[in-house]
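Going down the list, the protein sequences come from chains A and B. With the first letter of the first sequence counted as 1, position 130 gets the number 1397 in my numbering; the numbers rise by one all the way through. With the first letter of the second sequence counted as 1, position 210 gets the number 1477 in my numbering; the numbers rise by one all the way through. Okay, structure first, notes after.
There are 2 protein chains.
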Amino acid sequence: MSTGADILSVIMGSTEDRGIGMSADREDAPAPRRRGRRPGQTETRQAVLNAARARFSTDGFTATTIRAIAADAGVDAALVMQFFKSKDELFGAVMSVPPAALERMTDAWQGPRDGIGERVTRALLEAFENDAEASEPLLAMLRGAIAKEQAAAQLRDFLEARLMKGAQAHLRDDADTRLRVGVASAMLVGIIVARSVVRVPTVADEPLDTIITTTAPALQTLLAP
Amino acid sequence: MSTGADILSVIMGSTEDRGIGMSADREDAPAPRRRGRRPGQTETRQAVLNAARARFSTDGFTATTIRAIAADAGVDAALVMQFFKSKDELFGAVMSVPPAALERMTDAWQGPRDGIGERVTRALLEAFENDAEASEPLLAMLRGAIAKEQAAAQLRDFLEARLMKGAQAHLRDDADTRLRVGVASAMLVGIIVARSVVRVPTVADEPLDTIITTTAPALQTLLAP
DNA sequence: GATTAATATCAACACACGTTGATATTTGAA
DNA sequence: TTCAAATATCAACGTGTGTTGATATTAATC
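And the structure:
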């Protein structure tokens, strides 16, 4: 049941990073837990956040349980409630794309019109495939958008106010351009859904470069008509 | 046992001629319900299916409760369990796109290469926007794909074995064409997600024709390179 | 009319969930 | 040292869930 949390704890941190040491003790032994505060520097809060991000991104909001998150982090469920006071607040704390990843995505819109289709396609899809820090919050929002209006709003905001706005900083600012950027983003989200959520074989089994090569010319037509 | 379910769901939304006792009793009166079998010809099973399809398509699998479906259909929850023996089986009975709607989508791939981008885009998006019989099962699968592997598999099958296969009947059958059809479908799914699930304003507020006009040339590039 | 099967409701089960209050242990400062 | 705050667990609560078994009412068949 454990997800890509190990990778994550190596990469570590997100917008909530406190800049302290890592080492991330995963629990797998059914140890008879001692009761009080643990000795040494405490990093449990971060472990809970990582576990929550991983769970929410794979199971969605409703199907993710506080108890499961707590178990993943090797912690009692009540402690999770003590840190973040409700499941809703924990979800909110988890859904934020780190600025660095966002910048990498929006920078792709800059540059000559010639290669814009490929640049944008590659930036977004590669970020999603290789950067758990960027993809997990996005997947959490996407999956959460189904059940939680909060998540839909957050994803809307990310796409609209951050990704698309960041794109338009490098483009013209008329209604037509806005629409084209919106449709292009939607298309790329579709490819992400097909690959990572639904896992349609034709799209999911192909190497990412093949997908990019196929997709880019269509995006080019859309973005540089 | 979903034997008769598919047939029934095809018959259902005919908007006219239900033959005999229509009535369509939606709950609105807090009537003290009588207990046994209701008089007249019974159509409750269909009402349950309709309510379930609507619920699953808007709330997703996990958040949809048997009790809510039963209430929508004006029926006791236990009766739902008697008809379909579990929530899983009810979900399975609901997720099937009627053949007529499917045919309308796949037929669009037929014809001259010139207009294929627009034809396909229009067929899929319009079917989704105007035809609840087609869109509700699809949305149910899409929303369910997050939490239920069953739903992801069903949606995979629909896209892969039905929609894409139906498309390829009218096209060449090499690996490259298959990939292009897959990517095109994924892109259109992305637009559906942006409009109907996440409701990104830039894409969702525009009239459908504007979206189609913008999208079609990109699909054309992809499908007739 | 009598029997049987289908349709319907009701009451309750066991279980998992989010959440809470009491309590134990450690840390860090006074 | 002393003591409050932070960190941790435990036991339990109320609620809502899918599901079940008993039972009532009607329709269809003989």
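Just so it is clear, CB atoms sit at the ideal spot from N, CA and C, and this is done for glycine as well.
Inset, instruction - Please go through the same chain and pick out, in chain order, the residues whose beta-carbon is closer than 8 Å to the beta-carbon of residue 1485 of chain B, but skip the five residues on each side of it. - result: Here residue 1485 of chain B refers to the residue found at position 218 when the second sequence is read from its first residue. Cβ-Cβ distances below 8 Å link residue 1485 of chain B to 1384 and 1454 in the same chain, with the five nearest sequence neighbours on each side left out; the list follows chain order.
Legend entry - Nearest candidate by alpha-carbon position, reference residue 1345 of chain A, set A:1444, A:1460 and A:1311: Counted from its first residue, the first sequence places residue 1345 of chain A at position 78. Nearest C-alpha to residue 1345 of chain A: A:1311.
Legend entry - For residue 1354 of chain A, the first and last residue of its enclosing alpha helix (DSSP H): Counting from one through the first sequence, the residue named residue 1354 of chain A turns up at place 87. Unbroken alpha helix (DSSP H) run through residue 1354 of chain A: 1354 to 1361.
Legend entry - Closer than 8 Å to chain A by CB, residue 1336 of chain B: By 1-based counting over the second sequence, the position of residue 1336 of chain B is 69. Chain A places no beta carbon closer than 8 Å to that of residue 1336 of chain B, leaving this residue out of the contacts.
Legend entry - Interface flag, residue 1453 of chain B vs chain A, CB-CB below 8 Å: The residue labelled residue 1453 of chain B in the question sits at position 186 within the second sequence. For residue 1453 of chain B, at least one C-beta of chain A is nearer than 8 Å to its own C-beta.
Legend entry - Three-state secondary structure assigned by DSSP to residue 1474 of chain B: Taking the second sequence and counting its residues from 1, one reaches residue 1474 of chain B at position 207. Coil, per DSSP.
Legend entry - Straight-line gap, residue 1423 of chain B to residue 1446 of chain B (C-alpha atoms, nearest Å): Numbered from its first residue, the second sequence carries residue 1423 of chain B at position 156. Numbered from its first residue, the second sequence carries residue 1446 of chain B at position 179. Inter-residue distance for residue 1423 of chain B and residue 1446 of chain B is about 15 Å (C-alpha atoms, whole angstroms).
Inset, instruction - Leaving aside the five residues before and after residue 1394 of chain A along the sequence, list all residues of the same chain whose C-beta is less than 8 Å from its C-beta, in chain order. - result: Numbered from 1 along the first sequence, position 127 holds the residue referred to as residue 1394 of chain A. Same-chain partners within the cutoff: 1368, 1371, 1372, 1401 and 1402.
Legend entry - Proximal residues to residue 1444 of chain A (C-beta, below 8 Å), its chain only, five neighbours per side dropped: To locate residue 1444 of chain A, count along the first sequence from 1; it is residue 177. Around residue 1444 of chain A: 1435 and 1438.
Inset, instruction - Out of B:1320, B:1472, B:1469 and B:1450, point me to the one whose CA is closest to residue 1469 of chain A's CA. - result: Translated into the one-based positions of the first sequence, residue 1469 of chain A becomes position 202. Of the candidates B:1320, B:1472, B:1469 and B:1450, the one whose C-alpha sits nearest the C-alpha of residue 1469 of chain A is B:1450.
Inset, instruction - Thinking residue 1350 of chain A and residue 1407 of chain A are a contact (beta carbons under 8 Å), I'd like their distance in whole angstroms, please. - result: One-based indexing of the first sequence puts residue 1350 of chain A at position 83. One-based indexing of the first sequence puts residue 1407 of chain A at position 140. About 18 Å separates the two Cβ atoms, so there is no contact after all.
Inset, instruction - Using a Cβ-Cβ cut-off of less than 9 Å, list which residues of the segment 1436 to 1467 of chain A approach chain B; keep chain order. - result: Listed by position, the residues of the segment 1436 to 1467 of chain A near chain B (Cβ gap below 9 Å) are 1443, 1445, 1446, 1447, 1448, 1449, 1450, 1451, 1452, 1453, 1454, 1455, 1456, 1457, 1458, 1459, 1460, 1461, 1462, 1464, 1465, 1466 and 1467.
Legend entry - residue 1332 of chain B, buried or exposed, once every other Cβ within 10 Å from all chains shown has been counted against 16: As a working mapping, residue 1332 of chain B is identified with position 65 in the second sequence. Burial state of residue 1332 of chain B is exposed, judged by a 10 Å Cβ sphere holding fewer than 16 other Cβ atoms.
Legend entry - Nearest-angstrom Cα separation, counted from residue 1398 of chain A out to residue 1428 of chain B: Counting from 1 along the second sequence, the entry for residue 1428 of chain B is found at position 161. Counting from 1 along the first sequence, the entry for residue 1398 of chain A is found at position 131. A straight-line Cα-Cα distance of about 31 Å links residue 1428 of chain B and residue 1398 of chain A.
Inset, instruction - My understanding is that residue 1460 of chain B touches residue 1457 of chain A, with C-beta atoms under 8 Å, so please give their C-beta distance in whole angstroms. - result: Position 193 of the second sequence, counted from the first residue, corresponds to residue 1460 of chain B. Position 190 of the first sequence, counted from the first residue, corresponds to residue 1457 of chain A. Correct: roughly 7 Å between the Cβ atoms.
Inset, instruction - Answer with buried or exposed for residue 1411 of chain B, where buried requires no fewer than 16 other C-beta atoms within 10 angstroms of its C-beta. - result: The residue given as residue 1411 of chain B occupies position 144 in the second sequence. Burial call: buried.
Inset, instruction - Please state whether DSSP places residue 1378 of chain B in a helix, a strand or coil. - result: Counting from 1 along the second sequence, the entry for residue 1378 of chain B is found at position 111. Looking at residue 1378 of chain B - three-state DSSP - the assignment turns out to be coil, as it is neither helix nor strand.
Inset, instruction - Step through the CB atoms of chain B and report whether any lies within less than 8 Å of the CB of residue 1390 of chain A. - result: Locating residue 1390 of chain A in the first sequence gives position 123, counting from the first residue. Judged by the 8 Å Cβ criterion, residue 1390 of chain A is not in contact with chain B.
Legend entry - Same chain, Cβ closer than 7 Å to residue 1480 of chain A, neighbours up to 5 away in sequence not counted: Locating residue 1480 of chain A in the first sequence gives position 213, where the first residue counts as 1. Same-chain partners within the cutoff: there are none.
Legend entry - Distance between residue 1356 of chain A and residue 1489 of chain A (C-alpha atoms, nearest Å): Counting from one through the first sequence, the residue named residue 1489 of chain A turns up at place 222. Counting from one through the first sequence, the residue named residue 1356 of chain A turns up at place 89. C-alpha separation (whole angstroms): 39 Å.
Legend entry - Backbone CA spacing between residue 1293 of chain B and residue 1329 of chain A [nearest angstrom]: Taking the first residue of the second sequence as 1, we reach residue 1293 of chain B at position 26. Taking the first residue of the first sequence as 1, we reach residue 1329 of chain A at position 62. Because the pLDDT of residue 1293 of chain B is 33, which lies under 50, any placement of that residue in the model is unreliable, and the number read from its coordinates should be weighed accordingly. Using only the alpha carbons, I get a separation of about 28 Å.
Inset, instruction - Just the chain A side, please: which residues come within less than 7 Å of residue 1474 of chain B by C-beta, in chain order? - result: Numbered from its first residue, the second sequence carries residue 1474 of chain B at position 207. Neighbours of residue 1474 of chain B in chain A, taken as residues at a C-beta separation under 7 Å, are lacking, since the least C-beta distance is about 11 Å.
Legend entry - residue 1475 of chain B and residue 1392 of chain B closer than 8 Å at C-beta: Start at 1 with the first residue of the second sequence, and residue 1475 of chain B comes out as number 208. Start at 1 with the first residue of the second sequence, and residue 1392 of chain B comes out as number 125. Note that the C-beta distance between residue 1475 of chain B and residue 1392 of chain B is below 8 Å.
Legend entry - Runs of alpha helix (DSSP H) lying entirely within the segment 1388 to 1423 of chain A, each at least 4 residues, in chain order: Fully enclosed alpha helix (DSSP H) runs of 4 or longer: 1399 to 1414.
Legend entry - Inter-residue Cα distance where the pair is residue 1354 of chain A and residue 1348 of chain A: Within the first sequence, numbered from 1, the residue matching residue 1354 of chain A stands at position 87. Within the first sequence, numbered from 1, the residue matching residue 1348 of chain A stands at position 81. Rounded to whole angstroms, residue 1354 of chain A and residue 1348 of chain A show a C-alpha spacing of 8 Å.
Inset, instruction - Determine whether the Cβ of residue 1359 of chain B lies closer than 8 Å to any Cβ atom of chain A. - result: Translated into positions along the second sequence, residue 1359 of chain B becomes position 92. By this cut-off, residue 1359 of chain B is not an interface position.
Legend entry - Residue span of the alpha helix (DSSP H) that contains residue 1454 of chain B, given as start and end: In the second sequence, residue 1454 of chain B corresponds to position 187, counting from 1. 1442 to 1459 is the extent of the alpha helix (DSSP H) around residue 1454 of chain B.
Inset, instruction - Compute the distance between the beta-carbons of residue 1364 of chain A and residue 1425 of chain A, then report whether it is under 8 Å. - result: In the first sequence, counting from the first residue as 1, residue 1364 of chain A sits at position 97. In the first sequence, counting from the first residue as 1, residue 1425 of chain A sits at position 158. The beta carbons of residue 1364 of chain A and residue 1425 of chain A sit closer together than 8 Å.
Legend entry - Rounded straight-line distance, which links the Cα of residue 1380 of chain B to that of residue 1440 of chain B: Residue numbering aside, residue 1440 of chain B sits at position 173 when the second sequence is read from its first letter. Residue numbering aside, residue 1380 of chain B sits at position 113 when the second sequence is read from its first letter. Cα to Cα, the separation comes out at about 15 Å.
Inset, instruction - Rank A:1335, A:1431 and A:1362 by C-alpha distance to the C-alpha of residue 1415 of chain A and give the top, closest one. - result: Against the first sequence, residue 1415 of chain A aligns to sequence position 148. Looking at the Cα atoms, A:1362 is the closest of the given residues.
Inset, instruction - Check residue 1385 of chain B in the structure and name its three-state DSSP category. - result: The residue labelled residue 1385 of chain B in the question sits at position 118 within the second sequence. It is helical.
Inset, instruction - For residue 1343 of chain A, name the three-state secondary structure that DSSP assigns. - result: Sequence index remark: in the first sequence, residue 1343 of chain A carries index 76 (1-based). Here residue 1343 of chain A sits in coil by DSSP.
Legend entry - Spatial neighbours of residue 1483 of chain B in its chain, beta-carbon cut-off 6 Å, leaving aside the 5 residues before and after: What you label residue 1483 of chain B is simply residue 216 of the second sequence in a count that begins at 1. Around residue 1483 of chain B: 1384, 1385 and 1388.
Inset, instruction - Taking residue 1315 of chain B as part of the alpha helix (DSSP H), name the residues at either end of that continuous run. - result: Working through the second sequence from its first residue, we reach residue 1315 of chain B at position 48. Its alpha helix (DSSP H) spans residues 1311 to 1326.
Legend entry - residue 1368 of chain B, DSSP secondary structure in three states: Here the question's residue 1368 of chain B lines up with position 101 in the second sequence. Correct three-state label for residue 1368 of chain B: helix.
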